[in-house]
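These notes concern the structure reproduced below.
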Amino acid sequence: MKWQRKDILGLEDMSVEDIRHILHTAKVMKEILMRPIKKLPTLKGKSVVNVFYEASTRTRTSFEMAAKVLGADTTSIAIAQSSVSKGESLYDTAKTIQAMRADLVILRHPSSGSAKFLADILDPNVINAGDGQHEHPTQALLDIFTMEEKLGPLDGKNVVIVGDVLHSRVARSNAWGLQKLGVNVTLVGPPTLLPIEMEGLGVKMTHDLNGALPGADVVMALRLQLERQKSGLFPSLREYSQLYGLTTDRLKKTGKESIVLHPGPMNRGVEISDDVADGVQALIEKQVTNGVAIRMALIYLLIGGSSNVVA
Amino acid sequence: MWWLKDVWVIDPSQKLSAPRDVLVKGGQVLEISSSMTEEEVSVKAQGEAVDTVDGKGKFVFPGLIDVHTHLREPGQEDKEDILSGSRAAVRGGFTTILAMANTQPVIDSRALVEYVRMQGDRAGFAHVHPIGTVTKGMQGTELVEMATMKEGGAVAFSDDGKNIQNAEVMRLALEYAKLTGLLIISHCEDKDLAGEGQMRRGVSSARMGLKGIPASAESVIVARDLMLAEETGGRLHLAHISTTESVDLIRQAKARGVNVTAEVNPHHLIFCDEQLGITDTFLKVNPPLGSRADRESLIEGLRDGTIDMLATDHAPHTQAEKSRPFAEAPFGIASLETALSAVWENLVVPGRISMDRVIEAWSVTPALRFGLQGGSLVAGAPADMVLFDPDFSEVIEPATLVSKARNTPFLNKTLQGFPVMVWVEGRLVQRNRIVL
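Chains A and B, in that order, are what the protein sequence lines are. Each residue of the first sequence is one higher than the one before, starting from 1 at the first, in the numbering used here. Each residue of the second sequence is one higher than the one before, starting from 1 at the first, in the numbering used here.
Rendered as structure tokens:
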């Protein structure tokens with residue numbers, strides 16, 4: 001198929017065909033990534049700019065590695081976001097980067113919708129590396145890739161996503177993407193972090209993790225931002241962990257050799273216990289590797305032009 | 001002298017909605033009657049030249065009175081000033097506007113009240129009346145010198161933009177304002193419930209990952225203020241009502257005889273949260289756009305009189321401020337130039353509400369409740385008057401807007417039905433959409 005999209009902003013409005021095309025491309029990219037000499041000339045002369053308004057080690061590094069493997073030049077701009085009213089606006093920053101002839105801009109920003117905002121004003125392609133609490137499409141794509149790699153076609157499989165769903169762009173992107181692939185998604189969390197209005201995502205919701213686990217092929221734990229406790233969204237880490245933490249015992253309730261995913265970084269002992277995190281069912285390191293492959297695929301599809309790595 | 005021939009006159013103050021001829025002389029309405037002959041008119045002109053306007057197919061009504069505008073002067077003249085705002089007003093059919101007090105500095109002293117009034121007079125378009133704050137510095141703690149500010153020209157008191165969080169301060173304000181006979185206008189928003197919210201809390205906010213403002217952020221304060229008005233017997237006006245629960249509370253309070261009126265903004269009658277896209281900062285407004293059900297409740301409330309008035313909440317902002325990611329853009333819609341057209345096209349034409357009710361709610365009632373000139377075309381009344389052409393259509397473009405602001409959801413869209421002539425005290429200030 002011919003790739004049409006200019007930008008990767010989210011999975012809500014992405015077609016199943018596009019998702020499959022990305023996953024297929026990522027398979028090839030992973031083979032390249034696993035070679036001892038992993039460097040291609042494909043994107044020689046292309047410039048990729050990472051613009052990160054939020055601290056992120058793994059996502060930014062993953063994008064940088066992906067671009068470098070493909071031969072592109074990368075620049076990273078980390079912008080401390082102490083106050084939105086100070087300093088240059090995102091609009092002006094974006095225009096400046098465009099004027100420097102960037103081919104692809106990768107944006108991580110604390111405001112929902114910032115990636116679309118950028119894409120609407122820029123000629124270069126844009127990849128959303130996480131916009132506020134809205135979407136994190138590359139994370140969901142790498143999660144889906146990892147699930148498929150282990151489980152085969154995902155149609156009819158059961159995926160449980162547990163944690164702070166309300167504030168999670170990872171949960172939103174996964175809910176959209178997985179639904180499109182025919183997965184039965186169940187979101188789990190306390191009512192304060194999984195309020196009724198989340199039903200708009202169109203997937204099952206429950207506050208009872210134990211009740212949701214039987215039959216789950218995948219259990220994904222979300223990172224709990226510890227400062228949410230101060231806002232009164234949950235009373236204590238102890239109670240949160242008791243109700244929603246993934247432990248070996250609890251994982252047995254699935255009745256299957258389920259796989260465990262986590263977008264990282266983990267709060268060990270809170271949303272996931274050490275033995276689960278380090279156990280055989282956890283594919284957390286595979287997620288990281290696959291993340292590079294997915295990002296290679298996206299960068300290639302967006303700015304690879306007529307080159308044909310994926311013959 | 002002006003002679004408007006064969007025009008449909010809507011004047012709810014005299015229960016009139018019928019084709020008539022209108023004569024305006026010496027800044028006042030001289031006469032409204034069934035068709036006149038040229039001889040009769042020339043006799044009444046007493047030698048004065050007669051400007052004749054063919055009013056066939058058009059409406060004439062008392063100039064609209066907007067009790068809720070943000071003119072941004074003093075202090076934020078990059079967004080708007082009193083001159084540009086009052087020009088925008090007459091372009092949109094408003095002959096009287098009330099300027100909210102949340103400027104920089106806030107209007108909390110007689111000197112500042114006089115300044116706003118003077119700037120309005122200097123501008124010389126719509127009548128501009130200052131609203132003073134309720135509390136000094138809008139800090140929500142100490143009351144302003146209400147009696148003194150009334151002498152300076154304040155026509156109401158409001159900390160609009162902020163809610164008065166302390167219920168005792170609100171109670172005292174309702175008590176003390178009795179000295180002046182003026183209204184306390186409440187911006188009902190519980191700060192803690194609203195939090196850092198960006199839009200109405202609901203399926204749309206959850207889907208887009210934008211922090212939500214629950215409907216209760218408004219209605220709990222509406223309930224509180226109604227109780228306080230009932231207990232004190234104070235005069236209360238509720239700004240920009242946006243939820244079903246608020247409408248129900250007001251309806252019940254009115255049935256008990258509470259001295260309360262309420263306003264609704266056109267955008268809450270036209271848009272709802274599900275229409276909001278993640279980069280649509282021109283629909284970012286406070287209170288936020290509600291649900292479809294809220295919109296229906298508001299229309300019903302306006303129809304049955306639970307909601308007394310329409311008001312724009314004209315909130316101009318610069319393009320730079322609105323050209324930001326949603327959470328970083330300021331709240332507000334600039335609407336003086338589009339509000340009447342938008343209401344005509346979206347509510348009157350589809351038959352949701354009558355034009356007679358619109359004029360009552362946007363002219364007659366505000367004049368009576370706030371004690372202002374205007375709101376009537378009875379003989380002898382000042383000729384604050386609008387000629388409205390339901391067939392006139394216009395693309396809303398930056399080049400034609402006279403407000404400094406362009407933060408309107410109608411930008412680059414076509415609206416139909418516009419004021420084509422506007423008089424302030426008999427003086428023509430707008431003709432064919434051009435401010436004179």
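From the three backbone atoms N, C-alpha and C, an ideal C-beta is built for every residue, glycine too. Given the structure is predicted, the values throughout are model-derived calculations rather than measurements.
DSSP places B:Ala381 outside any beta strand (DSSP E), giving it a letter other than H or E. When the Cα atoms are used, A:Thr186 and A:Arg169 turn out to be separated by approximately 16 Å. Taking every protein chain shown into account, the CB of B:Val43 has fewer than 16 other CB atoms within 10 angstroms, so this residue is exposed.
For A:Lys95, the uninterrupted alpha helix (DSSP H) run begins and ends at Leu90 to Ala99, by DSSP.
Between B:Leu249 and the set B:Ala229, B:Pro419, B:Pro19 and B:Thr69, the nearest pair of CA atoms involves B:Ala229.
In terms of CA proximity to A:Phe234, A:Gly163 leads the group A:Met198, A:Gly291, A:Gly163 and A:Arg295.
Shortest Cα-Cα distance from B:Pro316 to any of B:Gly57, B:Gln76 and B:Glu48 involves B:Gln76.
DSSP lists B:Gln28 as the bridge partner or partners of B:Lys25. Restricting attention to alpha helix (DSSP H) runs no shorter than 4 residues, the segment 217-250 of chain B encloses none. CA-CA distance, A:Val270 to A:Val183, rounds to 27 Å. B:Ala381 is not a Cβ neighbour of B:Met309, given a cutoff of 7 Å. It is roughly 28 Å from the alpha-carbon of B:Ser205 to the alpha-carbon of A:Lys157. In this structure, the straight-line span from the alpha carbon of A:Asn210 to that of A:Val188 is close to 10 Å. For B:Gln416, the three-state secondary structure derived from DSSP is strand.
For A:Ala78, the enclosing beta strand (DSSP E) covers residues Asp73 to Ala78.
Among the CB atoms of chain B, one or more fall inside 7 Å of the CB of A:Ser112. Within the same chain, Cβ atoms closer than 7 Å to the Cβ of A:Ser111 are found at Asp131 and Gly132, the five residues on either side in sequence being excluded.
Contact of A:Leu90 with chain B by beta-carbon distance below 7 Å involves Arg324 and Pro325.
Nearest neighbour of A:Asp7 by Cα position, chosen from A:Lys116, A:Ser231, A:Ala293 and A:Glu135, turns out to be A:Lys116. Going by DSSP, B:Val364 is part of no alpha helix (DSSP H) at all; its letter is neither H nor E. Residue-level contact by beta carbon holds for A:Glu197 and chain B, with a gap shorter than 7 Å. B:Phe331 sits away from B:Asn265, with the two beta carbons spaced by 7 Å or more.
Minimum Cα-Cα distance from B:Glu397 among the listed residues B:Thr414, B:Ala223, B:Ala177 and B:Arg427 corresponds to B:Thr414.
Under the three-state reduction of DSSP, B:Asp6 is assigned to strand. Taking C-beta separations shorter than 7 Å and ignoring five residues to either side along the sequence, the partners of A:Leu224 in its chain run Gly163, Asp164, Tyr240, Asn267, Val270 and Glu271, following chain order.
In the three-state reduction of the DSSP assignment, A:Leu142 falls in the helix class. Membership of A:Gly130 in the beta strand (DSSP E) is indicated by the continuous run Asn125 to Asp131.
For B:Leu183, the enclosing beta strand (DSSP E) starts and ends at Leu183 to Ser186.
Distance from the CA of B:Val50 to the CA of B:Asp6, rounded to the nearest whole angstrom, comes to 16 Å. Taking a beta-carbon distance threshold of 7 Å, B:Ala206 counts as an interface residue toward chain A. Taking the beta carbon of A:Asp120 as reference, the chain B residues within 8 Å of it are Thr279, listed in sequence order. Between A:His134 and chain B, the shortest Cβ-Cβ separation is below 7 Å. At a beta-carbon threshold of 7 Å, the residues of chain B lying near A:Phe117 are Thr279 and Pro325, ordered along the chain. B:His129 is the residue among B:Glu274, B:Ala253, B:His129 and B:Phe125 whose C-alpha sits nearest the C-alpha of B:Leu112. Residues Ala175 of the same chain have their beta carbon placed closer than 6 Å to that of A:Leu201, with the five preceding and five following residues left out of the count.
Distance check between B:Gly290 and each of B:Thr318, B:Glu321 and B:Arg200 places B:Arg200 closest, using alpha-carbon atoms only.
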